[in-house]
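Report on the structure given below.
Numbering (this note's numbering), first residue to last: 2 to 271.
The following block contains the structure:
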């Protein structure tokens with residue numbers, strides 16, 4: 002059913018939650034509780050688990066430039082973390098990162114020193130790195146890159162028609178268990194494959210993102226909804242390793258003997 006998670010701004014005024022982003026352990030969003038201004042919040046879907054992460058711009062002022070339409074695409078999640086732009090009232094709008102706790106919410110860099118904002122925007126994650134546009138006095142608005150050594154799991158490519166099976170995952174954090182899951186191909190059996198990053202190919206009219214000829218068989222899967230748990234060793238030497246995943250489903254006999262999911266890229270990290 003559909004229920005109210007929490008009345009953040011008590012009464013009829015409304016907290017105007019916006020810029021929702023899904024993380025492995027909840028949803029990040031901006032909201033105004035009527036006291037702290039528009040700040041970063043996180044929710045696990047319960048009233049008790051819906052809290053303001055930090056009052057980044059102390060007092061009634063807001064850390065988010067709510068009138069700036071470019072803010073929305075600057076918020077990027079990877080694992081339990083959020084990359085975003087915020088203004089603490091001292092440095093202007095600069096890049097920040099949060100793990101969902103006040104202690105783990107911090108400014109990454111003061112790209113435009115002083116109160117001048119660098120206004121990070123248009124963020125995107127690739128290979129465990131965050132790319133974004135920002136302003137610096139010496140260069141103007143140019144692309145920037147942040148490589149944080151944090152775990153990420155990002156879907157890419159397209160599943161095979163006409164059934165379009167899917168694959169997604171929580172982030173492969175060191176010492177944790179990553180959960181791979183997706184929508185299967187009915188009751189047909191499937192195989193979860195792993196490989197190093199390879200160039201995409203086409204096989205029997207479906208996309209091959211793991212190179213079927215050299216891909217490593219990991220586990221059989223089946224069912225309309227499937228999942229598989231993969232334990233990540235707590236070994237710092239694995240940090241930064243990139244891996245590609247894909248699930249292949251088989252139907253025999255059939256005019257379309259295989260159905261493949263989208264690709265999934267892992268970057269192992271914290």
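Yeah, the Cβ is synthetic: ideal placement off N, Cα and C, and Gly gets one too.
**Item:** Length-filtered (3 minimum) beta strand (DSSP E) runs lying within the region 245–271
**Value:** Within the region 245–271, the complete beta strand (DSSP E) runs of at least 3 residues are 259–261, 264–268.
**beta strand (DSSP E) segments (min. 3 residues) lying fully within the region 127–175** = Correct list: 130–137, 141–147, 153–157.
**Message:** Would you call the region 198–211 in contact with the region 222–242, where contact means no fewer than 3 C-beta pairs closer than 8 Å?
**Reply:** No: the two stretches stay apart, fewer than three of their Cβ pairs being nearer than 8 Å.
**Message:** Below 8 Å on the Cβ atoms is my contact criterion, and I expect residue 241 with residue 60 to pass it. Report the Cβ-Cβ distance as a whole number of Å.
**Reply:** As a first step, residue 241 must be located in the chain shown, where it is residue number 240. As a first step, residue 60 must be located in the chain shown, where it is residue number 59. About 40 Å separates the two Cβ atoms, so there is no contact after all.
**Message:** Quick check for students: name the residue ranges of the beta strand (DSSP E) that lie wholly in the region 18–82, counting only runs of 3 or more.
**Reply:** Complete beta strand (DSSP E) runs here, min 3: 19–24, 27–33, 39–44, 51–55, 77–79.
**Prompt:** Taking DSSP as the reference, what is the three-state secondary structure of residue 112?
**Reply:** Within the chain shown, the letter at position 111 stands for residue 112. Here residue 112 sits in coil by DSSP.
**Item:** DSSP-derived helix/strand/coil call for residue 239
**Value:** The count along the chain shown starts at 1 and reaches residue 239 at position 238. Three-state DSSP puts residue 239 in a helix.
**Request:** Compute the beta-carbon to beta-carbon distance between residue 32 and residue 9, rounded to the nearest angstrom, for a pair I have assumed lies under 8 Å.
**Result:** The residue labelled residue 32 in the question sits at position 31 within the chain shown. The residue labelled residue 9 in the question sits at position 8 within the chain shown. Rounded, the Cβ-Cβ distance is 5 Å, consistent with contact.
**Item:** Own chain residues within Cβ distance below 7 Å of residue 164, not counting five before or after
**Value:** Against the chain shown, residue 164 aligns to sequence position 163. Within the same chain, and ignoring the five residues on either side of residue 164 in sequence, the residues whose Cβ sits closer than 7 Å to its Cβ are 186, 260.
**Request:** Taking only the alpha-carbon atoms, compute the straight-line gap between residue 149 and residue 246 and give it to the nearest angstrom.
**Result:** Here residue 149 corresponds to residue number 148 of the chain shown, with the count starting at 1. Here residue 246 corresponds to residue number 245 of the chain shown, with the count starting at 1. Going from the Cα of residue 149 to the Cα of residue 246 covers about 22 Å.
**Request:** Quickly, what does DSSP pair residue 221 with across the bridge? List them, please.
**Result:** Walking along the chain shown from the start, residue 221 turns up at place 220. Looking at the DSSP output, residue 221 shares a beta bridge with 192.
**Prompt:** Going by other Cβ atoms of all chains shown within 10 Å of its Cβ, with 16 needed for buried, is residue 127 buried or exposed?
**Reply:** As a position in the chain shown, residue 127 is number 126, starting the count at 1. Looking at its Cβ environment, which holds fewer than 16 other Cβ atoms inside 10 Å, residue 127 is exposed.
**Prompt:** Alpha carbon to alpha carbon, how far is residue 92 from residue 84?
**Reply:** Numbered from 1 along the chain shown, position 91 holds the residue referred to as residue 92. Numbered from 1 along the chain shown, position 83 holds the residue referred to as residue 84. Spanning the two alpha carbons is a distance of roughly 17 Å.
**Asked** Can the beta-carbon of residue 218 be found closer than 8 Å to that of residue 192?
**Response** Sequence index remark: in the chain shown, residue 218 carries index 217 (1-based). Sequence index remark: in the chain shown, residue 192 carries index 191 (1-based). Between residue 218 and residue 192, the CB-CB gap stays under 8 Å.
**Whole-angstrom distance between residue 3 and residue 125, CA atom to CA atom** = The residue labelled residue 125 in the question sits at position 124 within the chain shown. The residue labelled residue 3 in the question sits at position 2 within the chain shown. Here the alpha carbon of residue 125 sits roughly 31 Å from the alpha carbon of residue 3.
**Stretch pair the region 51–58 + the region 96–110: three plus CB contacts closer than 8 Å** = Here the region 51–58 makes contact with the region 96–110; the two share three or more CB pairs at distances below 8 Å.
**Given residue 108 as reference, the closest of 122, 123, 86 once Cα atoms are compared** = Translated into positions along the chain shown, residue 108 becomes position 107. Per the Cα distances, 86.
**Prompt:** Would a C-beta distance cut-off of 8 Å place residue 1 and residue 263 closer than the cut-off?
**Reply:** Because the chain spans 2 through 271 in this model, residue 1 falls outside it and cannot be assessed.
**Beta-carbon proximity of residue 176 to residue 226, cut-off 8 Å** = Position 175 of the chain shown, counting from 1, holds the residue named residue 176. Position 225 of the chain shown, counting from 1, holds the residue named residue 226. Not in contact: residue 176 and residue 226 (Cβ atoms no closer than 8 Å).
**Prompt:** Would residue 16 pass as a contact of residue 45 if the rule is Cβ separation under 8 Å?
**Reply:** Translated into the one-based positions of the chain shown, residue 16 becomes position 15. Translated into the one-based positions of the chain shown, residue 45 becomes position 44. No, these two residues do not count as a Cβ contact at 8 Å.
**Prompt:** How would you label residue 50, buried or exposed, when you count the other beta carbons within 10 angstroms and need 16 or more for buried?
**Reply:** What you label residue 50 is simply residue 49 of the chain shown in a count that begins at 1. Result: exposed.
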